[in-house]
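Numbering of the sequence shown is given in this note's numbering, commencing with residue 29 and proceeding in unit increments. Each remark here refers to the structure printed beneath this line.
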Amino acid sequence: MVNLGINIGDLNFKNPVMTASGTFGYGPEFDDFIDVSRLGAVFIKGLTLEPREGNKYPRMAETPAGMLNAVGLQNKGIEYFENSIYPRIKDYDTRIIVNINGSYLDDYVTLAARLDKLEKIPAIELNISCPNVKMGGMAFGTNLDSAREVTRAVRAAYKKKLIVKLSPNVTNIVDFAKVVEEEGADSVSLINTLLGMSVDVSRMRPSLSTITGGLSGPAIKPVALRMVWQVANAVKIPVIGMGGIMNTSDALEFLLAGASAVQIGTASFIDPQASVKILEGIEEYLLKKGFKDISEIIGYINKKG
């Protein structure tokens with residue numbers, strides 16, 4: 029028997045496998061493929077104060093080792109979530125985490141305050157790293173002063189667990205992790221997508237309507253892993269790692285490098301059962317290696333020098 033439970037502060041998760049926001053809908057979309065309650069947590073798609081139509085099509089494109097997207101946080105807003113989505117997902121036997129986004133500081137604060145009132149939402153993921161919106165998003169996450177300001181304001185309005193999602197599109201991601209930790213974040217998640225682009229040579233046009241978009245998938249894994257390792261060695265709060273995790277071996281790399289949990293993103297588009305397969309693979313690995321608790325392998329490469 030292996031203990032797979034991990035904690036963010038005093039909030040317990042049954043295991044370290046979670047879904048990345050924007051790749052798993054609200055959860056029920058995957059009910060026909062897996063038992064969602066087996067996961068450690070579901071991070072639902074990005075939520076904004078007002079409904080958003082998202083960017084114009086085309087807004088997704090395949091690349092040789094990943095995917096570009098420029099969805100632009102399409103969603104129906106907080107009121108729709110409160111009235112139509114929350115009642116459907118609140119009784120899942122897993123943690124439901126809401127990823128929040130804004131164009132202005134007040135958007136984040138208002139969203140956080142409203143979500144604070146929903147009993148079955150124990151944490152939010154503050155997204156200051158989305159590269160696919162013209163206002164807000166990455167603008168908050170690529171300036172240290174702005175990252176500090178928005179984290180401080182949301183921390184004051186939100187009493188539950190606060191996870192801040194960091195952008196890789198900065199000079200030194202460690203500086204941003206330290207700033208949000210100082211302002212009261214309970215955890216950081218990284219990395220969001222890397223800014224990239226591709227050109228459709230048959231149309232002689234950019235592949236995406238926005239020209240640039242967020243690159244995810246296997247191509248970014250070495251970059252994500254490096255950043256997770258750097259941040260895990262620089263902050264005291266738990267790190268949730270993501271970026272190109274396609275199978276159990278990928279997930280284990282992040283855990284061994286210092287991540288306390290992992291989010292599965294692009295892999296779910298290819299195989300809707302990827303997250304559960306990775307969970308089963310982690311447990312099998314621990315048993316094979318003779319470990320009794322997931323905590324024994326978190327940051328293992330650092331313990332051994």
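Yeah, the Cβ is synthetic: ideal placement off N, Cα and C, and Gly gets one too. Please read these numbers as outputs of a predicted model, since none were measured by experiment.
- Counted as a single uninterrupted DSSP element, the beta strand (DSSP E) harbouring residue 189 occupies residues 189–193.
- In this structure, the straight-line span from the alpha carbon of residue 154 to that of residue 108 is close to 19 Å.
- Contact fails between the segment 105–125 and the segment 256–270, because fewer than three Cβ pairs, one in each stretch, are under 8 Å apart.
- Taking C-beta atoms under 8 Å as the contact rule, residue 292 and residue 32 fail to qualify, at a distance of about 15 Å.
- With a threshold of 16 other beta carbon atoms within 10 Å, residue 228 falls short and is exposed.
- Less than 8 Å separates the beta-carbon of residue 222 from that of residue 243.
- Sequence-distant partners of residue 149 (beyond 5 residues in either direction) whose C-beta falls short of 7 Å from its own C-beta, in its chain, are 124, 126, 143.
- Boundaries of the beta strand (DSSP E) around residue 269: 267–269.
- Going by C-alpha positions, residue 147 is about 29 Å away from residue 99.
- With respect to the 8 Å criterion, residue 237 and residue 96 are not classified as neighbours on the basis of their beta carbons.
- Counted as a single uninterrupted DSSP element, the alpha helix (DSSP H) harbouring residue 251 occupies residues 249–260.
- Within the segment 178–252, the beta strand (DSSP E) runs of at least 3 residues that lie entirely inside it are, in chain order, 189–193, 215–218, 222–225, 240–244.
- Per DSSP, the continuous alpha helix (DSSP H) segment holding residue 330 begins and ends at 328–331.
- Residue burial is scored here from C-beta neighbours: residue 233 has fewer than 16 other C-beta atoms within 10 angstroms and is therefore classed as exposed.
- Straight-line measurement puts the Cα of residue 169 at about 11 Å from the Cα of residue 203.
- With contacts defined as CB atoms closer than 8 Å, residue 269 and residue 245 fail to qualify as a contacting pair.
- When the five nearest sequence neighbours on each side are left out, the beta carbons in the same chain lying within less than 6 Å of the beta carbon of residue 39 are those of 150, 189, in order along the chain.
- Fully enclosed beta strand (DSSP E) runs of no fewer than 3 residues occupy 39–41, 45–47, 69–75, 88–91, 94–97 of the segment 36–100, in order along the chain.
- Counted as a single uninterrupted DSSP element, the alpha helix (DSSP H) harbouring residue 281 occupies residues 276–285.
- Residue nearest to residue 324 within the set 298, 288, 304 is 288 (criterion: CA-CA distance).
- Fewer than three pairs of CB atoms, one per stretch, sit closer than 8 Å, so the segment 134–143 makes no contact with the segment 80–89.
- Across the structure, residue 112 and residue 70 are spaced so that their CA atoms are roughly 17 Å apart.
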